[in-house]
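Q: Can you keep this structure in mind? I'll have questions shortly.
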Amino acid sequence: MEKMMIVNGSPRAPKSNSKAYIELFKLFWPSETGEYNVTSKKHHEACQKIEGCQHLLLVFPLYADGIPVTLMRFLQELHSHSFQQKPAIHVVINCGFIEPEQTSVAVDMIRLFCKQNHFPYGMTLCIGSGEAILNTPFVFLVKRKMKRMAHAIQEKRSEVLKVTMPLPKKVFVKASTSYWIGYAKKYNVTPDQMAVMEIESHSGSSSNRGR
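Take 9 as the starting number for the sequence shown in this note's numbering and just add one per residue.
Here is the structure:
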């Protein structure tokens, strides 16, 4: 059976939504997997473990239309590492927008990395409404796509899969706004404070929750 290393590229890797998506994927992957959190900063050791793997799955959130800097640093090590046989790279990316297409630039960044460094590029799963969908009945849609992705990887296919909550954008925005206002209230942060750059001085570590 082919081996896979799963890399959690979130800056909040141990407590992130990316971690939750990794657990969902593992439900459908039939063989051995290793896991690595980029926040541990042991990139060289991780690349050595990737040596014996046929697949490398990158799971990460969208950050400013691109990939997190924590993942970029890992890719720098991956670039400099000498592999006898390079694994196929696959991507699961989630974003807070309801449109999964918002992740296209970040996916293109990984594709370009693979092209320049001669890594085979395989499957892509783009997830819209990233955090919200995990806590709704619509999570079954994500599981369905994860299952399809796992099967496609085994069959060595290269496809782009997309999933999001089947809601009108206005409904999603209204619900998400209500959620964040309620969440901020727990930390004594007002909507006016959330609307300015000084929000981080009010909310502290909670400002990047869950990615």
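C-beta atoms are modelled at their ideal positions from N, C-alpha and C, and glycine is treated no differently.
If you're wondering where the values come from, they're calculated on a predicted model, not measured in any experiment.
1) Near valine 100, which residues of its chain fall below 6 Å by C-beta distance, leaving aside the five closest residues on each side in sequence?
2) Using the beta-carbon count (16 or more within 10 Å), is tyrosine 71 buried or exposed?
3) Can you tell me where the beta strand (DSSP E) with isoleucine 97 in it begins and where it stops?
4) Might you give, ordered along the chain, the residues of its own chain that have their beta carbon closer than 6 Å to the beta carbon of lysine 155, omitting 5 neighbours on each side?
5) Going by C-alpha to C-alpha distance, which of Glu53, Ser112, Lys34 and Ile97 sits closest to cysteine 122?
6) Here's the rule: buried if 16 or more other CB atoms are within 10 angstroms of the residue's CB, otherwise exposed. What is leucine 120?
7) Return the chain-ordered ranges of every beta strand (DSSP E) run that is complete within the stretch 80-134 and spans a minimum of 3 residues.
8) How long is the line joining the alpha carbons of glycine 130 and lysine 11, rounded to whole angstroms?
9) Quick test of the definition: if touching needs 3 or more C-beta pairs under 8 Å, does the stretch 78-94 touch the stretch 45-63?
10) Go to methionine 173, then tell me how far its alpha helix (DSSP H) extends in each direction, as first and last residue.
A: From the atom records:
1) Your numbering for residue 100 matches position 92 in the sequence shown. Once the five neighbours on either side are set aside, the close Cβ partners of valine 100 are Tyr29, Val67 and Leu133.
2) Looking up residue 71 in the sequence shown gives position 63. Classification of tyrosine 71: buried, given that the 10 Å Cβ count is 16 or more.
3) Counted from its first residue, the sequence shown places residue 97 at position 89. Run containing isoleucine 97: 96-102, per the beta strand (DSSP E) assignment.
4) As a working mapping, residue 155 is identified with position 147 in the sequence shown. Closer than 6 Å at Cβ, skipping near neighbours: Phe36.
5) Stepping through the sequence shown from its first residue, residue 122 is reached at position 114. For the residues Glu53, Ser112, Lys34 and Ile97, the minimum Cα distance to cysteine 122 belongs to Ile97.
6) Reading the sequence shown from its first residue, position 112 is the one you call residue 120. Looking at its Cβ environment, which holds fewer than 16 other Cβ atoms inside 10 Å, leucine 120 is exposed.
7) 96-102
8) Translated into positions along the sequence shown, residue 130 becomes position 122. Translated into positions along the sequence shown, residue 11 becomes position 3. Going by the C-alpha atoms only, they are around 15 Å apart.
9) yes
10) In the sequence shown, residue 173 corresponds to position 165, counting from 1. Here methionine 173 belongs to no alpha helix (DSSP H), and DSSP marks it neither H nor E.
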